[in-house]
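Read through the structure below, which is laid out as structure tokens, and then see the notes.
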Amino acid sequence: MPTPSFRLYNTLTGQTDPVEPAEPQHLRFYACGPTVYSYAHIGNFRSFVTADLIARTAEAIGWDVTFVSNITDVGHLTEDDVADAGGEDKMAKALRKEGQRFANVWDLARYFSDALITDWRALNLREPDVRPRATEHMQQQIQAVAALQEKGIAYETEKGVYFAVEQFPAYGKLSGNQAAEALAEGAAGQGRTTVQDPEKRDPRDFALWKKDAKHLMQWHSPWGWGFPGWHIECSVMATEYLGEQIDLHAGGEDLIFPHHECEIAQAESLTGKPFAKHWVHTRFLQVEGEKMSKSTGNFFTVRELIASEDEGGRGISPLALRMTLLSGQYRKPFNFTFDKLRDNAHHIQRIETVIQRVDAALQANAEGDDFVGERLDGLYERALQAMLDDLNTPEALAATIEGVKLLQGVGDELSGASAQSARQWLDKINDLLGIIRPQTEGEIADDATADPLAEKVEALLDERAEARASGRYDRADEIRALLDEMGIEVMDSSDGTTWRRKVSV
RNA sequence: GGUGGCGUGGCCGAGCGGUUAGGCAGAGGCCUGCAAAGCCUCGUACGGCGGUUCGAAUCCGCCCGCCACCUCCA
């Protein structure tokens, strides 16, 4: 079969380009991870989902994938994107906020990076092949800064080491931010109060190393005690695990400038070669029509959405959350709403029903032709083509829902052969989109039987069945109302009554 | 001010020059003791004004509106 073309919008070229790995059929890419000073929120995860989908789509067309996604566990400064890196340390700030909960910033970083990984798995995100931590690559960062200094591209001042943007004429090629004046004005126009380093040669110059012997996380360097600039870690870790030239680099749209612009400047100055060929950026999401930001507090962590209600969460199925995130294409503005979450929770519930039917049909293995395979193949192909076209998740989801409805419509009439096809289709769709089965075992499939309420519910249903059989419908409806209050949905059919938990969004 | 993105039916959301996207909500019907679930049927929209074309949601121009980045943040 001809090699399918995987097209993604490339911020660098401003157009949708085919992804062309340096080594054919082997995609090597890097996705910027979060700074672990709090629980990751749904906005973080929108961009991690994009990276996950890139990996899944590449794998779906038979490519090998080497995927690296970092954890930033160095306490960078709240305003360190400004060249001078003023402001307050993010981790130190978090530590103060968390009070006695953590003994120090290291513990805090460890706790939240563990939490990140837990949430990552809950959302069915593919594990990166390497998940490097900034603190574990300090030598390499120091060496990179020293190398830049040797080349005359970086210079030292009282306060730190800076990258001389003047030495890198291509600076601005990713973001379009070319003019030094504009940059300086932009900052000033926003009423910046950051203390500028008077020794800085150019307002565009950014910090590679900050001298600070009082910083909570500090390392020894040729420039004394201090800590690295924010941008250098990604250049260094990407290069370390993927080579000097990588196929693709992804992140949130806010990273275009300055983070990725600076990464390019550093990496390309060091190697003299183009750093990443393809740059992919995920648009920020909004919540109920408003910008999600920490300052206004209208943001949701994955954790609080998926934790059970007993644990103070909202009990939302991780798959429903994932599907909601997929319901908008990564490059378009996305308005996260609870309406959407509810819709998608229903879809997930329907998928679960279909899975149960298919499993039952596989067991029964009834005679008969495969009368769904061909149509399902077509629907998978449609979903795959959609994903290959700049991760068109809404279209892929539409094809998936059509397939689910097809299987649902066939109902209990599935032949063994049809069930086989259905199972294969579900597995393939799951590999591609990750919305069919949870990665962690047994969370959904056994839900009904493992439910702590099961015994009580069954008892009530038995009583209701008796009431119905003897025509005491008042009592039957009373029981149904009771179950409804317990969050249980009752479904009568010709071959018995089934139940499930209601979607609780 | 600079840079980039977006405006589709009640809502969400595909569409890349000419055949019904799909979903949610809603309406009617089937099923049901009644519900729920499920199934069937029903929607002709494309910010505005010009232009190109036999034909435009789809291409071009202008205008209007929304959003993001250029502070923290994916």
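Under the numbering used here, the first residue of the first sequence is numbered 1081, with each subsequent residue one higher. Glycine included, every Cβ here is placed at the ideal spot set by N, Cα and C.
Check, Outcome
"Is the beta carbon of residue 1224 closer than 8 Å to that of residue 1301?", "no"
"Who are the Cβ neighbours of residue 1402 in its own chain at under 8 Å, not counting the five residues just before and after it?", "1129, 1203, 1204, 1514, 1515"
"Work out the CA separation of residue 1481 and residue 1226 for me, nearest whole Å.", "54 Å"
"Using a threshold of 8 Å, state whether the C-beta atoms of residue 1308 and residue 1210 are closer than that.", "no"
"Cα separation between residue 1472 and residue 1132?", "14 Å"
"Nearest to residue 1219 by CA position, among 1490, 1313, 1360, is which residue?", "1313"
"Does the beta-carbon distance from residue 1388 to residue 1448 come in below 8 Å?", "no"
"For residue 1254, which residues of its own chain have a beta-carbon under 7 Å away from its beta-carbon, when the five flanking residues on both sides are left out?", "1091, 1092, 1336, 1340, 1341, 1344, 1359"
"If you follow the beta strand (DSSP E) that residue 1307 is in, where does it begin and where does it stop?", "1306-1308"
"State whether the segment 1239-1249 contacts the segment 1319-1333, with contact taken as three or more CB pairs (one from each stretch) at a distance under 8 Å.", "no"
"For residue 1421 and residue 1400, I'd like the C-alpha separation in whole angstroms.", "7 Å"
"Go through its chain and collect everything with a Cβ distance to residue 1292's Cβ below 8 Å, but skip five positions before and after it.", "1298, 1305, 1306, 1307"
"Can you tell me whether residue 1117 is helix, strand or coil according to DSSP?", "coil"
"Figure out for me which residue from 1111, 1319, 1579 has the closest Cα to the Cα of residue 1536.", "1579"
"Just the C-alpha distance for residue 1564 and residue 1581, rounded to the nearest angstrom, thanks.", "9 Å"
"Of all the options 1468, 1583, 1221, which has the alpha carbon lying nearest to the alpha carbon of residue 1394?", "1583"
"Using the Cα positions of residue 1390 and residue 1383, report the straight-line distance between them to the nearest angstrom.", "13 Å"
"Report yes or no: do the segment 1547-1562 and the segment 1437-1457 share at least 3 C-beta pairs separated by less than 8 Å?", "no"
"Let me know the secondary structure DSSP gives residue 1573 once reduced to three states.", "strand"
"Could you give the residue range of the alpha helix (DSSP H) that holds residue 1409?", "Premise fails: residue 1409 is in no alpha helix (DSSP H) and is neither H nor E."
"Under a three-way DSSP split, which group does residue 1105 fall into?", "coil"
"What first and last residue would you give for the beta strand (DSSP E) that runs through residue 1149?", "1144-1149"
"Give the range of the alpha helix (DSSP H) segment to which residue 1241 is assigned.", "Careful: residue 1241 lies outside any alpha helix (DSSP H), inside the beta strand (DSSP E) at 1240-1243."
"Grouping DSSP H, G and I as helix and E and B as strand, with all else coil, what is residue 1426?", "helix"
"When you compare the segment 1138-1151 with the segment 1112-1119, are there three or more beta-carbon pairs, one atom per stretch, that lie closer than 8 Å?", "yes"
"Are the CB atoms of residue 1105 and residue 1169 within a distance shorter than 8 Å?", "no"
"Measure the Cβ-Cβ separation of residue 1237 and residue 1280 and say whether it is below 8 Å.", "yes"
"Quick check: the Cα distance between residue 1228 and residue 1256, rounded to an integer number of angstroms?", "24 Å"
"With which residues is residue 1568 paired in a DSSP beta bridge?", "1581"
"Can you check whether the CB of residue 1414 is closer than 8 Å to the CB of residue 1121?", "no"
"Would you please state the rounded distance, in angstroms, between the beta carbons of residue 1206 and residue 1135? I believe it to be under 8 Å.", "5 Å"
"Can you name the start and end residues of the alpha helix (DSSP H) that residue 1332 belongs to?", "Where residue 1332 is concerned, there is no enclosing alpha helix (DSSP H), although the beta strand (DSSP E) it sits in stretches over 1326-1332."
"Just the C-alpha distance for residue 1099 and residue 1455, rounded to the nearest angstrom, thanks.", "29 Å"
"Tell me the DSSP secondary structure of residue 1444 in three-state form.", "helix"
"Relative to the alpha-carbon of residue 1231, which residue among 1084, 1285, 1352, 1407 has its alpha-carbon at the smallest distance?", "1352"
"What's the C-alpha gap between residue 1162 and residue 1142?", "Per-residue confidence for residue 1162 stands at a pLDDT of 38, beneath the threshold of 50, marking its modelled position as unreliable; no derived number is given."
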